[in-house]
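With full-length UniProt numbering applied, the sequence shown has no gaps in its numbers, which climb one by one up to 227 at the end. Beta carbons: idealized from backbone N, C-alpha and C, even for Gly. All values derive from a computational prediction rather than experimental measurement.
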Amino acid sequence: MAEAILTLQDAAIYQENNRVLNNVNLEVKRGEFLYLIGKTGAGKSSFLKTLYGDLSLLEGEGSIVEYDLKKLKEKDIPYLRRKLGVVFQDFKLLPDRNIHENLLFVLKATGWKEKAEMNLKIEEVLDKVGMKMQAHKMPHQISGGEQQRVAIARALLNDPELILADEPTGNLDPQTSVEIMNVLKNINENGKTILMATHDYALIMKFPSKTLKVEDGTIFEVVQRTV
Ligand SMILES: Nc1ncnc2c1ncn2[C@@H]1O[C@H](COP(=O)(O)OP(=O)(O)OP(=O)(O)O)[C@@H](O)[C@H]1O
C-alpha cells in the first residue's frame, strides 16, 4: 500500500468566522491523481488554501507532506510550500520579467544560490512542460495555455511531493485544457501526486480519475458516472 501524503480527520474549514466545510475525512495516497469538484462557492478554494497554509486548520486533524496542519506555524509555511507545488487558474506570472527570470525569481526566493544549478533546473522543468525554447519570452508574448505550462514548470522547481491545482484549466479553451491535462497526467505518471480542483466535467470524462466532491458543507468521494 502506498503511504498517505495527505490526511484529514474530522476537519472543519473556516473562512474568517464562517465554517465552510465540516466533517472532512480523507486520505490521499502518494502517486494518486484526484479531482476536486463542486459548485462555485462550495468551498474548493478554501479547502486548498487550508492545505497550503493560507487558512489555518482550526478544528480536526490534518497532515500534509509530513506537516501537521494543526500545529503549523507562520515560519513553517515557506518550507511547507517548497514541498507543495501550487498552480492557479490565473497563472500568476510576474509580468515584468521573462519566463527564465520568473523561474529564477522563485529559485532565489527559496534559497538556491548556484547559478549553473539554477539554470539547469529551469531548463529541466521547462523541458517537462514543452517550453524550453521559449524561456526568453515575456509572459505577454505567450498564449494562456503556454503561460499555464510555465506556471506548472514553476510549481515543479523544488521537486514537490504534491501538486495542488486550483482550476488550472479555468481560463483555457477546451483544446488547450486537454493539452494542459496531458502535461499534468504526464507529471503524475512520473510519480507526483496531484489534487486538482475543476469545474470541467468534460475533462473529467476524458481523463477519468478518483473524484472528490465538495457539497453540502463537506467532501466525499463520488463514483465517476454520478459526477
Ligand atoms: N475571505 C473570505 N471571507 C469570508 N468568507 C469567504 C472568503 N472567501 C470565501 N468565502 C466564502 O467561503 C465559501 C467558499 O468559497 P470558496 O472560494 O472556497 O469556494 P469555491 O468552491 O472555491 O468556489 P469557486 O469555484 O468560485 O472558486 C463561500 O461561501 C464564500 O463566500
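With DSSP collapsed to three states, give me the class of E124.
helix
Out of curiosity, what's the CA-to-CA distance linking K128 and V183?
So the alpha carbons of these two residues sit roughly 8 Å apart.
Expressed to the nearest angstrom, what Euclidean distance is found between the alpha-carbon atoms of A135 and G217?
43 Å
What residues in its chain sit with their C-beta under 7 Å from that of K137, if we drop five residues either side in the sequence?
N98, I99
For the pair the stretch 5–15 and the stretch 28–43, tell me if three or more CB-CB distances fall below 8 Å.
With contact defined as three or more Cβ pairs closer than 8 Å, the stretch 5–15 and the stretch 28–43 are in contact.
What is the DSSP secondary structure of I163, counted as helix, strand or coil?
strand
Once you ignore the five residues that flank V214 on each side, which residues in its own chain have a CB closer than 6 Å to its CB?
G38, A42, G43, K44
If you run the structure through DSSP and keep just helix, strand and coil, what is I142?
coil
CA-CA distance, D90 and N102?
In this model, D90 and N102 are separated by some 15 Å (Cα to Cα).
Flag F167 as yes when its Cβ comes closer than 8 Å to any non-hydrogen atom of ligand 1, and as no otherwise.
The question names Phe, but residue 167 is Glu in the sequence shown. It does: the Cβ of E167 is within 8 Å (strictly closer) of some heavy atom of ligand 1.
Please state the DSSP three-state secondary structure of M133.
helix
Which residues share a DSSP beta bridge with T211?
Looking at the DSSP output, T211 shares a beta bridge with Y35, V222.
Tell me, please, whether the stretch 54–65 touches the stretch 12–28 by the rule of three or more beta-carbon pairs shorter than 8 Å.
Yes, the stretch 54–65 is in contact with the stretch 12–28.
Just curious, the beta strand (DSSP E) that E114 is in, first and last residue?
Here E114 belongs to no beta strand (DSSP E), and DSSP marks it neither H nor E.
Count Cβ pairs between the stretch 164–171 and the stretch 192–203 that sit closer than 8 Å; are there 3 or more?
Counting Cβ pairs under 8 Å, three or more are found: they touch.
Note down the Cα distance separating E124 from M181, rounded to an integer number of angstroms.
19 Å
Could you spell out where the beta strand (DSSP E) holding N18 opens and where it closes?
18–29
Taking the alpha-carbon of S177 as reference, which of G144, N190, K192 has the nearest alpha-carbon?
G144
What's the C-alpha gap between Q148 and K70?
So the two alpha carbons sit approximately 32 Å from each other.
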